[in-house]
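Counting from 1 along the sequence shown, just add 3 to a position and that's the residue number in our numbering.
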Amino acid sequence: MNAILQHDLNDLENILNQAKHQSLDFLNDLENIPTSTNNTIDPTRHLDEEGLGSLAALKEFKERLAPLMVASPGPRYLGFVTGGSTPASIVGDWLASVYDQNTQAIKAQGGVSALIEFETINLLLQLLDLPKSFLGGFVTGATMSNFTCLGVARQWFGAQSGKDFAKTGITETINILTATPHSSSIKTLAMLGIGSNNYTTIKTIEGNREAVDIDDLEKNIQNLNGKPFILISSAGTVNTADFDDFIAISKLKEKYHFWWHIDAAFGGFASVSEKFKHLVNGWEGADSITIDCHKWLNVPYESAFYLIKEKHVHLQIETFQNSNAPYLGNPLENFNYLNVLPENSRRLRALPVWFSLIAYGKEGFADIIEKSTALALHFANELIEDDRFELLAPIRLNNVCFTLKGDHNQDKVSQFLSLLNDKGKVFMTPTVYQNRKGIRASFVNWRTSETDIKIIIEELKETILDLEI
Ligand SMILES: *Cc1c(COP(=O)(O)O)cnc(C)c1O
4 MNAILQHDLN
14 DLENILNQAK
24 HQSLDFLNDL
34 ENIPTSTNNT
44 IDPTRHLDEE
54 GLGSLAALKE
64 FKERLAPLMV
74 ASPGPRYLGF
84 VTGGSTPASI
94 VGDWLASVYD
104 QNTQAIKAQG
114 GVSALIEFET
124 INLLLQLLDL
134 PKSFLGGFVT
144 GATMSNFTCL
154 GVARQWFGAQ
164 SGKDFAKTGI
174 TETINILTAT
184 PHSSSIKTLA
194 MLGIGSNNYT
204 TIKTIEGNRE
214 AVDIDDLEKN
224 IQNLNGKPFI
234 LISSAGTVNT
244 ADFDDFIAIS
254 KLKEKYHFWW
264 HIDAAFGGFA
274 SVSEKFKHLV
284 NGWEGADSIT
294 IDCHKWLNVP
304 YESAFYLIKE
314 KHVHLQIETF
324 QNSNAPYLGN
334 PLENFNYLNV
344 LPENSRRLRA
354 LPVWFSLIAY
364 GKEGFADIIE
374 KSTALALHFA
384 NELIEDDRFE
394 LLAPIRLNNV
404 CFTLKGDHNQ
414 DKVSQFLSLL
424 NDKGKVFMTP
434 TVYQNRKGIR
444 ASFVNWRTSE
454 TDIKIIIEEL
464 KETILDLEI
């Protein structure tokens with residue numbers, strides 16, 4: 004063994020303790036660490052001939068790299084839809100690295116850690132009140148989950164006319180209908196060879212809505228003259244957290260022949276709270292669902308899962324099986340994750356979620372969901388009371404989409420946001436909603452409190468004064 008590696012091995016306890024100290028320094032100071040930074044490095048560092056050992060690497064990390072880190076797991080990072088990481092999820096993430104399993108099988112020599120993934124999916128179905136007719140697995144993010152689900156939908160589409168697209172490639176136009184798809188679904192259409200231009204946009208409900216207009220959807224379905232299609236629907240659009248009407252879509256599913264996919268990356272967690280559960284009523288009828296854990300479940304990146312109805316498992320295996328050999332017998336008996344999703348080798352990505360669910364239970368997460376939504380409302384009310392801001396959409400859940408009041412201020416929105424973000428106390432993302440430039444604040448972090456709302460409002464008011472609006 005290389006001498007430095009040997010030295011590290013002998014010093015393991017000390018090294019891990021130092022890493023723990025570094026972790027605590029960051030986590031205990033999250034409130035004060037800026038949400039943006041101008042710090043930079045010259046990324047052309049040469050590779051040493053002889054390594055430095057873990058402790059020296061840690062020292063260099065602390066001096067050179069740690070200053071690049073922003074408080075993205077902190078309470079005032081409201082950009083994108085960014086979760087934090089709870090103590091239990093950090094433990095799970097750490098242990099996933101320590102145990103370093105290649106999570107594939109539930110019954111095999113060489114490792115059965117997929118059983119832990121099965122158990123975790125089962126716990127998630129209970130958390131979300133979804134039926135056991137779904138099989139699930141972990142992938143890196145909602146984008147990959149959409150890719151996995153829509154990959155199987157593509158195979159389903161071919162099978163309707165006796166084709167096997169996984170083997171032959173796509174030989175006919177795949178009909179996709181969707182109202183307000185997330186950009187990652189469109190990216191997925193590109194990656195799947197369907198083509199990012201090749202979907203039909205359905206109208207949204209009139210007024211301040213992003214949800215699908217069911218009448219227009221049915222009109223478009225009838226235009227297809229009985230041909231199969233894939234419907235991509237939304238449980239929580241990013242701008243306004245709007246939800247398609249899943250009861251109405253379930254009724255369409257009784258009449259027409261389609262694959263129903265729901266992107267519920269963050270909105271799926273509405274199901275955890277009695278207050279918001281109605282938003283997802285009927286979603287159990289979907290063929291596939293995408294959900295992110297690194298958003299509202301507050302586990303570290305990269306964590307999301309797909310749910311696909313078990314009755315489609317043969318299509319799923321046709322799509323992702325790792326060899327051309329026919330898959331004999333009951334696929335669940337010799338189940339292996341490498342045959343049902345994009346990756347072959349994969350870490351025990353379920354473990355941070357398993358720890359979180361065991362540690363905090365259904366109540367812990369209902370609390371986080373309800374606190375986030377209450378904070379979003381509180382923040383929105385503060386904006387309403389200040390006549391220099393206006394909301395672009397009503398608050399349905401946890402996302403606040405707002406702008407500077409008045410069309411004459413539209414050209415100042417970007418400058419305002421950039422000044423605000425530069426101060427480093429809060430981070431939000433720019434957006435465009437109904438052709439107006441706006442700002443989006445998404446509340447998902449378990450640490451965010453009323454005190455943070457005060458700080459954020461002060462920052463907004465200060466920034467607007469700086470801009471002399
Ligand atoms: C965040 C998000 C995605 C993409 O998720 P990643 O985890 O970033 O890949 C897809 N759909 C919706 C609705 C989202 O909010």
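Don't be surprised by glycine CBs; every beta carbon is placed ideally from N, CA and C.
Where does residue i fall in DSSP's three states?
{"i": "residue 398", "result": "coil"}
{"i": "residue 480", "result": "Residue numbering for the chain in the displayed model covers 4 to 472; residue 480 lies beyond these limits and cannot be assessed."}
{"i": "residue 436", "result": "strand"}
{"i": "residue 39", "result": "coil"}
{"i": "residue 278", "result": "coil"}
{"i": "residue 314", "result": "helix"}
{"i": "residue 488", "result": "Lying outside 4 to 472, the shown extent of the chain, residue 488 is not represented and no answer is given."}
{"i": "residue 304", "result": "coil"}
{"i": "residue 407", "result": "strand"}
{"i": "residue 293", "result": "strand"}
{"i": "residue 320", "result": "helix"}
{"i": "residue 472", "result": "coil"}
{"i": "residue 441", "result": "strand"}
{"i": "residue 347", "result": "coil"}
{"i": "residue 373", "result": "helix"}
{"i": "residue 339", "result": "strand"}
{"i": "residue 204", "result": "strand"}
{"i": "residue 358", "result": "helix"}
Can you check whether the CB of residue j is closer than 9 angstroms to the CB of residue i?
{"i": "residue 237", "j": "residue 197", "result": "no"}
{"i": "residue 185", "j": "residue 268", "result": "yes"}
{"i": "residue 76", "j": "residue 87", "result": "yes"}
{"i": "residue 292", "j": "residue 234", "result": "no"}
{"i": "residue 362", "j": "residue 89", "result": "yes"}
{"i": "residue 341", "j": "residue 415", "result": "no"}
{"i": "residue 252", "j": "residue 155", "result": "no"}
{"i": "residue 107", "j": "residue 350", "result": "no"}
{"i": "residue 353", "j": "residue 16", "result": "no"}
{"i": "residue 132", "j": "residue 280", "result": "yes"}
{"i": "residue 37", "j": "residue 452", "result": "no"}
{"i": "residue 213", "j": "residue 240", "result": "yes"}
{"i": "residue 176", "j": "residue 203", "result": "no"}
{"i": "residue 165", "j": "residue 309", "result": "no"}
{"i": "residue 81", "j": "residue 429", "result": "yes"}
{"i": "residue 323", "j": "residue 151", "result": "yes"}
{"i": "residue 305", "j": "residue 143", "result": "yes"}
{"i": "residue 275", "j": "residue 95", "result": "no"}
{"i": "residue 242", "j": "residue 395", "result": "yes"}
Please name the residue, chosen from the options, that lies closest to residue i on a Cα-to-Cα basis.
{"i": "residue 209", "options": "463, 437, 387, 420", "result": "437"}
{"i": "residue 390", "options": "9, 128, 467", "result": "467"}
{"i": "residue 357", "options": "128, 406, 67", "result": "128"}
{"i": "residue 190", "options": "349, 145, 224, 42", "result": "145"}
{"i": "residue 229", "options": "256, 37, 95, 78", "result": "256"}
{"i": "residue 149", "options": "411, 116, 166, 345", "result": "345"}
{"i": "residue 11", "options": "411, 55, 347, 392", "result": "55"}
{"i": "residue 43", "options": "53, 67, 95, 57", "result": "67"}
{"i": "residue 461", "options": "194, 410, 97, 386", "result": "386"}
{"i": "residue 458", "options": "83, 417, 378", "result": "378"}
{"i": "residue 365", "options": "404, 450, 273", "result": "273"}
### Query
Contact between the stretch 103-123 and the stretch 279-289: three or more CB pairs below 8 angstroms?
Because the criterion of three Cβ pairs below 8 angstroms is not met, the stretch 103-123 and the stretch 279-289 do not touch.
### Task
Examine the Cβ distances between the stretch 382-397 and the stretch 431-446 and report whether three or more of them are shorter than 8 angstroms.
The stretch 382-397 vs the stretch 431-446: in contact.
### Query
Are the stretch 329-343 and the stretch 91-102 in contact at 8 angstroms, needing three or more beta carbon pairs?
Counting C-beta pairs closer than 8 angstroms gives fewer than three between the stretch 329-343 and the stretch 91-102, which falls short of the contact rule.
### Task
Please list the segments of the alpha helix (DSSP H) lying wholly inside the stretch 122-192, counting only runs of 4 or more residues, in order along the chain.
DSSP runs (the alpha helix (DSSP H)) wholly in the stretch 122-192: 145-162, 168-171.
### Message
Tell me whether the stretch 314-323 and the stretch 150-162 touch, counting them as touching only if at least three CB pairs, one residue from each stretch, are closer than 8 angstroms.
### Response
The stretch 314-323 makes contact with the stretch 150-162: 3 or more CB pairs, one atom from each, lie closer than 8 angstroms.
#### Entry: Inter-stretch contact at 8 angstroms, needing at least 3 Cβ pairs: the stretch 245-254 / the stretch 209-228
Three or more Cβ pairs closer than 8 angstroms define a contact, and the stretch 245-254 meets that threshold against the stretch 209-228.
### Query
Counting only runs that start and end within the stretch 210-263, where is the alpha helix (DSSP H) found for 4 or more residues in a row?
For the stretch 210-263, the full-length alpha helix (DSSP H) segments reaching 4 residues or more read 217-226, 249-258 along the chain.
### Query
Should the stretch 10-22 be regarded as contacting the stretch 54-64, the criterion being three or more beta carbon pairs within less than 8 angstroms?
With the cut-off at 8 angstroms, the stretch 10-22 and the stretch 54-64 touch.
### Task
Tell me the start and end of each unbroken alpha helix (DSSP H) in the stretch 29-80 that is at least 4 residues and wholly inside, in chain order.
Those alpha helix (DSSP H) runs which fall completely within the stretch 29-80 and span 4+ residues are 57-63.
### Query
For the stretch 41-52 against the stretch 398-416, are there 3 or more C-beta pairs whose distance is under 8 angstroms?
With the cut-off at 8 angstroms, the stretch 41-52 and the stretch 398-416 do not touch.
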